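2 protein chains.
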Amino acid sequence: MRVTIHDVAKRAGVSPATVSRVLNDRPGIRAETRERVLKAARELGYIPDFSARSLATKRTRTLGFLVHARHSLSSHSFYGQVMAAAEREARHHGYHLLFSTVHKDAPLMLLEEQRVEGLILAGCDIPRALILHLKHSGVPFVLVDNHLPGINSIVIDNEGGAYEAVSHLIRLGHKEIGFLCEWMEDLSFAERFAGYKRALQEHGIPYRPDLVAEGEPRTPGSGYIAAQRLLQKARPSAVFVANDLTAVEAMRAFREAGLNIPQDIAVVGFDDGDLAPVAYPPLTTVRVFRDALGIQAVRRLLYIIEHPSTPPLQIRVFTKLIIRESCGTPLHAQLSQEPIETG
Amino acid sequence: MRVTIHDVAKRAGVSPATVSRVLNDRPGIRAETRERVLKAARELGYIPDFSARSLATKRTRTLGFLVHARHSLSSHSFYGQVMAAAEREARHHGYHLLFSTVHKDAPLMLLEEQRVEGLILAGCDIPRALILHLKHSGVPFVLVDNHLPGINSIVIDNEGGAYEAVSHLIRLGHKEIGFLCEWMEDLSFAERFAGYKRALQEHGIPYRPDLVAEGEPRTPGSGYIAAQRLLQKARPSAVFVANDLTAVEAMRAFREAGLNIPQDIAVVGFDDGDLAPVAYPPLTTVRVFRDALGIQAVRRLLYIIEHPSTPPLQIRVFTKLIIRESCGTPLHAQLSQEPIETG
DNA sequence: AATGAAACTGAAAGCGGTTTCGGAAATATT
DNA sequence: AATATTTCCGAAACCGCTTTCAGTTTCATT
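Residue numbers (my numbering), protein chains in the order written: chain C, 1 to 343; chain R, 344 to 686.
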């Protein structure tokens, strides 16, 4: 038989109300009484019932963490790390995380059942209609690695990260720099593409469409295909690839085409996931701080829950260029004296 | 103001009890009444309150999915995929998944608060003491990728998978086959090591301790170190590495030592995660069906919850050798006629 | 038409907490 | 010592749903 608050009350010789007050640190309890209650609770091994408590308080201390059901396999690792960080942060605030994939009205359901107090939606592929619907319902939620005007979101500095990466290649002396990605429709990739173009422009390098190639959406080996397509059109001395997996696949295509990396073609990726350090050659890439994404998402969401009318914010997590071997060293001797660190 | 069952009852002209019966498909309701209630519920947009319902039924339809807090980074991807599959399976049964890391008494807490109905504990590094404690408390739980006598568990066929992998190398003509892993204390790696030894033994190849090397526990680049240590002791023609990440790191060490893969040294890994297909060269490895692990874990757990006194079971998920390029082709001409498929 | 059985439905008592509100006890004020 | 304040604590209502138990209909039988 479950130990209830009544049992504790009886043993401590007080009423359930008093026990509740003690256990929730409410004021107005004599120290002596408090001790007696605490002792009784301890002795009985009392643990408050979650459902009863949340029914009474209307708070579940639970956050929903949602990813898209059919998101690419490689992103399991990415969002897994975001979620792990989110869980840690949530726990520190006394919250739990309910994990779910986005499935028709599942997200809203969680809210309406009062199962969670807020939602974290991770990934670019969350249906826009759903987001707008949530916005309209006024439920607390934040987007991670995705954004929409007027919606609370935690975003990666895709544009800036790409700019850094491409600038680095330019500093190394490259002039013909390609851009590769899985498909342009993806918001993140589009932003990285923008960063690529800005870097070229700011360094006075003309943009050439023949240096840009896409693969096939959601297809394994997409990067391989993209690289092949690129090589049919042009022969850049370097490429910036919109994510690590695509980059690694592209490197394979380059190798098979007889190109050495980085001597014949320098490669820079984006993400700095598990792959990058063990790629061949180790991949220079843009690090995305997944922990920061998870932590900020939770903090922001909890803040929104506490302050429902706070105006929406976009929080940008900056990136860091991690230099490994796939991008090589300066092409020209006179450039080799310039610093290649990016701070 | 929240729509409650009373509102629906009033609108349908029945009692809350009847509404409850209709909504839970309980028998004994006239078709006409049922329709009226359904209509009223629909019109009001009624959604039952989760806390109230679980307080009354003592069921939360929620399962806890726990991983160790400080598990290696690479396993984020692995368990992420297991969890994604588990979530899907759970959803099909009307359940949700609460994600958490193992943290002191957190797991038991979830149960005792009646927040979850059962636990899935994923990974070898769950403290044994915790497992025994849970066992003793009689709470429903299953282990994934871990096992203990008398405990419900879903395991990977580590021994068999390793046996297959090494047998394949032997069939290719290799006689000096090394074994590499991060550290032997890990249950999975120990089992894979056992499979390695059995394969040697059954094929009449003597076991040589100098062909075995470990890296550093939980250290990035552990496989690199292990490979270097191995090369200091011996010069095998092939190695079986206990997981993909370690294998990829080892390949790097081999390359740096001037060895070509697979010509000079054949490599086989274990896991078939994201890394394997994009490794250089693409890694022959043992596929672990992560979906199956997640699905079976949920099914077993739900069964235990429904039938508390069912005797404990160990469910073994078999593996499949995936042949790519890192293991090469038969060493000797006469062997090249033998089939190298493993079914 | 009377009767018994079967089919429906409602009142009310939980489930295990929290919280309001008022009374009692302890302390301060005159 | 009597009264006014505080300080503490308990009774009871409530959160929203389920379920037992008994009562009311309905329907089939005789």
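Using N, Cα and C, we set each Cβ at its ideal position, and we do this for glycine too. The model shown is predicted, which means the values in this text are computed figures rather than measured ones.
- One finds Asp392, Phe393 and Ser394 in chain R with Cβ atoms closer than 7 Å to the Cβ of C/Gln114, taken in chain order.
- When beta bridges are read from the DSSP output, C/Ala234 appears opposite no residue.
- DSSP places R/Leu440 in the strand class (E or B) of the three-state scheme.
- Only Gly273, Asp274, Leu275, Pro277, Val278, Ala279, Tyr280, Pro281 and Pro282 from the segment 271–287 of chain C bring a Cβ to less than 9 Å from some Cβ of chain R.
- Residues Phe408 of the same chain have their beta carbon placed closer than 6 Å to that of R/Phe442, with the five preceding and five following residues left out of the count.
- The alpha-carbon separation between R/Ile548 and R/Asn495 amounts to approximately 36 Å.
- In the DSSP annotation of this structure, the continuous segment of the beta strand (DSSP E) that includes C/His68 starts and ends at Thr62 to His68.
- Within the same chain, Cβ atoms closer than 7 Å to the Cβ of R/Gly564 are found at Glu592, the five residues on either side in sequence being excluded.
- Leaving aside the five residues that flank C/Ile177 on each side, the residues in its chain whose CB is nearer than 8 Å to its CB run, in chain order, Val166, Leu169, Ile170, Tyr196, Leu200, Ile205, Leu211, Pro236, Ser237, Ala238, Val239 and Phe240.
- Taking the Cα of C/Leu172 as reference, the smallest distance to any Cα among C/Glu325, C/Ile225, C/Ile304 and C/Val3 is reached at C/Glu325.
- Here the alpha carbons of C/Ser54 and R/Lys382 stand approximately 29 Å from one another.
- In the three-state scheme derived from DSSP, where H, G and I count as helix and E and B as strand, C/Glu216 is classed as coil.
- C/Val248 belongs to the set of residues whose beta carbon lies under 8 Å from a beta carbon in chain R.
- At a Cβ-Cβ threshold of 8 Å, C/Leu63 and C/Ala106 do not count as neighbours.
- The beta carbons of R/Cys524 and R/Glu502 sit no closer together than 8 Å.
- R/Glu430 has a beta carbon lying within less than 8 Å of a beta carbon in chain C.
- Each residue's CA atom was taken as its position, placing C/Glu202 and C/Phe270 some 21 Å apart.
- Boundaries for R/Val459: no beta strand (DSSP E) harbours it, and the DSSP string shows neither H nor E there.
- In the DSSP assignment, C/Leu38 falls outside any beta strand (DSSP E) and lies within the alpha helix (DSSP H) extending over Ala31 to Leu44.
- Legend: CB atoms of the segment 430–445 of chain R lying less than 8 Å from CB atoms of chain C belong to residues Glu430, Arg431, Arg434, His439, Leu440, Leu441, Phe442, Ser443 and Thr444.
- Annotation note: the segment 284–325 of chain C contains the following uninterrupted beta strand (DSSP E) runs of length 3 or greater, listed N- to C-terminal: 284–287, 314–317 and 320–322.
- Setting aside the 5 residues that flank it on each side, C/Tyr163 is surrounded in the same chain by Gly195, Arg198 and Ala199, each with a C-beta closer than 7 Å to its C-beta; the list follows chain order.
- In this structure, DSSP gives R/Ser420 a helical state, which the three-state scheme calls helix.
- For the pair R/Val487 and R/Val425, the CB atoms are nearer than the 8 Å cut-off.
- Residues of chain C with a Cβ closer than 7 Å to the Cβ of R/Gln571 do not exist; the shortest Cβ-Cβ separation is about 15 Å.
- Each residue's CA atom was taken as its position, placing R/Glu559 and R/Ser363 some 59 Å apart.
- The secondary-structure analysis by DSSP pairs R/Cys524 across a beta bridge with R/Glu557.
- When Cβ-Cβ separations below 8 Å define contact, C/Gln263 makes no contact with chain R.
- Looking from the CA of R/Arg561, the closest CA among R/Ala585, R/Trp526, R/Ala533 and R/Asp587 belongs to R/Trp526.
- Using a Cβ-Cβ cut-off of 8 Å, R/Thr403 counts as an interface residue toward chain C, since at least one Cβ of chain C sits closer than that to its own.
- Between the C-alpha atoms of C/Ala69 and C/Asp125 there is a straight-line separation of about 9 Å.
- Under the Cβ criterion (8 Å, minimum of three pairs), the segment 244–258 of chain C does not count as touching the segment 40–50 of chain C.
- C/Ala122 carries a strand assignment under DSSP once its states are collapsed to helix, strand and coil.
- With a threshold of 8 Å between beta carbons, C/Gln296 makes no contact with chain R.
- In this structure C/Val267 is not in contact with C/Ala242, their Cβ atoms being roughly 12 Å apart against a cut-off of 8 Å.
- For C/His76, a Cβ of chain R is located within less than 8 Å of the residue's own Cβ.
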